[in-house]
Amino acid sequence: TLVSGTTSGSAVIRAEVGGRSTELAVVYTPGSVTVAIVPDLLLGTGSTKNGNQSTITATVKDVSAAAVSGATVEFTVDDISLGDLSSASAATDSNGESTVNFSPKTKGGTAKIRATWTVGGVDITGSGEIKISPPPVFIEMAANSPNPPVINMKGIGGNSTSVITFEVKDFAGNLVADGYTFYFMLESSPAGGETIDPISAVTANGKVSTILKSGYKVGPVSIKATYQHDSNVTATATSIMIEAGPPVGEE
15 TLVSGTTSGS AVIRAEVGGR STELAVVYTP GSVTVAIVPD LLLGTGSTKN GNQSTITATV
75 KDVSAAAVSG ATVEFTVDDI SLGDLSSASA ATDSNGESTV NFSPKTKGGT AKIRATWTVG
135 GVDITGSGEI KISPPPVFIE MAANSPNPPV INMKGIGGNS TSVITFEVKD FAGNLVADGY
195 TFYFMLESSP AGGETIDPIS AVTANGKVST ILKSGYKVGP VSIKATYQHD SNVTATATSI
255 MIEAGPPVGE E
């Protein structure tokens, strides 16, 4: 067992047996850098709204495991197309900690963050990863939506509400992660006081939903869903009808 001392440098371990030998070089660094990232999962919205950014904390300790204050830590991200750092460097505080933030762009992937402290000509590096969920690219009506496709006019009894559900997918055709916001609007209606609620929703299991409540007129209704950060990601539900059908129990 090799036990390190309190001085940085290198040592060579040599082993011999049966006329054969091998050597192993062991490097002792003058300290350590550890990286903590919270949270390590972000949405690829290109926005930091609703806390959609990561705090990266690098902790620097010397060879005796004591916190190093006033040390300059350099931060880098391996793929700048995934996001930006708030600063390229930061000094450690009395606890040996330096902090920067990471803001995602509109691309999915895994960003590797490196934090480097240079002391005595030696680079000491710690690293961590942030996963960015791919953003919405496609949206379409979900199966069995609207449910039901035909509802009664308000005030005559029977069912006067319909649930409209959209399915949201990323560039690879996979359902997106939870948390992407979509807005709903009545694109066309009989203008009889129809409403939708909610007017916005976040994805859950790759889907967003709203509820149509009929008004006092009959006719077709269309409801549009649009992604908060890209108006090109949109779809319209058109197969909804309000009718003056008989009240429940009458034929």
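All residue numbers for the sequence shown refer to our numbering, where the first residue is 15 and numbers rise by one.
Positions of the beta carbon are idealized from the N, C-alpha and C atoms, including for glycine.
All values derive from a computational prediction rather than experimental measurement.
Note down the Cα distance separating I256 from G233, rounded to an integer number of angstroms.
Reading the sequence shown from its first residue, position 242 is the one you call residue 256. Reading the sequence shown from its first residue, position 219 is the one you call residue 233. Distance between the alpha carbons of I256 and G233: 5 Å.
With 16 other CB atoms within 10 Å as the buried threshold, where does S245 fall?
Here residue 245 corresponds to residue number 231 of the sequence shown, with the count starting at 1. S245 is exposed by the Cβ-count criterion.
Proximity below 9 Å, CB of I51 to CB of S68:
Indexing the sequence shown from 1 puts residue 51 at position 37. Indexing the sequence shown from 1 puts residue 68 at position 54. The criterion of a C-beta distance shorter than 9 Å is satisfied by I51 and S68.
How long is the line joining the alpha carbons of P150 and V91, rounded to whole angstroms?
To locate residue 150, count along the sequence shown from 1; it is residue 136. To locate residue 91, count along the sequence shown from 1; it is residue 77. Rounded to the nearest angstrom, the gap between the Cα atoms of P150 and V91 is 24 Å.
Would you mind listing the beta strand (DSSP E) stretches within the stretch 41-68 that are 3+ residues and don't spill past its ends, in chain order?
As far as the stretch 41-68 is concerned, its whole beta strand (DSSP E) runs of at least 3 residues are 45-52, 55-57.
Whole alpha helix (DSSP H) elements within the stretch 177-238, 4-residue minimum:
Entirely contained in the stretch 177-238, not one alpha helix (DSSP H) run reaches 4 residues.
Below 8 Å, how does it come out for the stretch 117-129 and the stretch 137-157: are there three or more Cβ pairs, yes or no?
Here the stretch 117-129 makes contact with the stretch 137-157; the two share three or more CB pairs at distances below 8 Å.
Measuring straight from C-alpha to C-alpha, what distance separates S176 and N64?
For the purposes of this step, residue 176 is taken as the residue at position 162 of the sequence shown. For the purposes of this step, residue 64 is taken as the residue at position 50 of the sequence shown. Answer to the nearest angstrom: the Cα atoms are 30 Å apart.
Own chain, CB closer than 6 Å to D76, minus 5 neighbours either side, in chain order:
Residue numbering aside, residue 76 sits at position 62 when the sequence shown is read from its first letter. So the list reads G45, V82, once near-sequence residues are dropped.
For P149, name the three-state secondary structure that DSSP assigns.
Here residue 149 is taken as the residue at index 135 of the sequence shown, counted from 1. Here P149 sits in coil by DSSP.
Can S223 and I178 be called in contact, C-beta distance under 9 Å?
The residue you call residue 223 lines up with position 209 of the sequence shown. The residue you call residue 178 lines up with position 164 of the sequence shown. Yes. Within cutoff.
Which residues in the same chain as K121 place their Cβ atom closer than 8 Å to its Cβ, once the five residues preceding and following it in sequence are excluded?
As a working mapping, residue 121 is identified with position 107 in the sequence shown. Excluding sequence positions up to five before and after K121, its CB lies within less than 8 Å of the CB of G58, S95, L96, I146, P148, P149, all in the same chain and listed in chain order.
Secondary structure of L16, DSSP reduced to three states:
To locate residue 16, count along the sequence shown from 1; it is residue 2. Because L16 carries a pLDDT of 48, less than 50, the predicted location of this residue cannot be relied on, and no value is offered for it.
Within the continuous beta strand (DSSP E) that includes A249, where are the two ends?
Along the sequence shown, read from residue 1 onward, the residue named residue 249 stands at position 235. Start and end: 244-257.
Member of F89, Y194, E111, G110 whose CA lies at the smallest distance from the CA of A102:
By one-based count along the sequence shown, residue 102 stands at place 88. Proximity to A102 across F89, Y194, E111, G110 peaks at F89, based on C-alpha coordinates.
Residues in the same chain with beta-carbon distance under 7 Å from D137, minus the five sequence neighbours each way, listed in chain order, please.
Taking the first residue of the sequence shown as 1, we reach residue 137 at position 123. Answer for D137: T130, listed in chain order.
Which residue or residues does DSSP assign as beta-bridge partners of G140?
Residue mapping note: residue 140 aligns to position 126 of the sequence shown, counting from 1. Its beta-bridge partners are A129.
Would the beta-carbon of K231 fall within 9 Å of that of M167?
The residue given as residue 231 occupies position 217 in the sequence shown. The residue given as residue 167 occupies position 153 in the sequence shown. In this structure, M167 lies closer than 9 Å to K231 by Cβ.
In three-state DSSP terms, what is R34?
For the purposes of this step, residue 34 is identified with residue 20 of the sequence shown, where counting begins at 1. Note: R34 maps to strand in three-state DSSP.
Got a sec? Which residues, its chain only, sit under 7 Å from E30 by beta carbon, not counting five neighbours each side?
By 1-based counting over the sequence shown, the position of residue 30 is 16. Setting aside the 5 residues that flank it on each side, E30 has no residue in the same chain whose C-beta is closer than 7 Å to its C-beta.
At what residues does the beta strand (DSSP E) containing G97 begin and finish?
Counted from its first residue, the sequence shown places residue 97 at position 83. Bounds of the beta strand (DSSP E) holding G97 are 97-99.
List the endpoints of the continuous beta strand (DSSP E) containing N115.
Along the sequence shown, one-based indexing puts residue 115 at 101. In the DSSP annotation of this structure, the continuous segment of the beta strand (DSSP E) that includes N115 starts and ends at 111-118.
Determine the extent of the beta strand (DSSP E) in which T106 is found, giving its start and end residues.
Residue 106 sits at position 92 when you count from the first residue of the sequence shown. From DSSP, T106 is part of no beta strand (DSSP E); its letter is neither H nor E.
Counting only the same chain and skipping the five closest in sequence on each side, list residues whose C-beta sits under 6 Å from that of D98.
The residue labelled residue 98 in the question sits at position 84 within the sequence shown. The beta carbon of D98 is closer than 6 Å to those of S117 in its chain, skipping five residues each way along the sequence.
How long is the line joining the alpha carbons of T250 and S228, rounded to whole angstroms?
Translated into the one-based positions of the sequence shown, residue 250 becomes position 236. Translated into the one-based positions of the sequence shown, residue 228 becomes position 214. Going from the Cα of T250 to the Cα of S228 covers about 18 Å.
Closer than 6 Å by C-beta to A114: which residues in its own chain qualify, once you throw out the five before and the five after it? Chain order, please.
On the sequence shown, position 100 is the one that residue 114 refers to. The identity of residue 114 in the sequence shown is Val, whereas the question assumes Ala. Non-local beta-carbon contacts of V114 in its own chain, meaning distances under 6 Å to residues more than five positions away in sequence, involve I70, F89, L99, S100, S101, A104 in chain order.
From this set, I213, E208, L56, F196, which residue's C-alpha is nearest Q242's C-alpha?
Along the sequence shown, one-based indexing puts residue 242 at 228. Considering only alpha carbons, the answer is F196.
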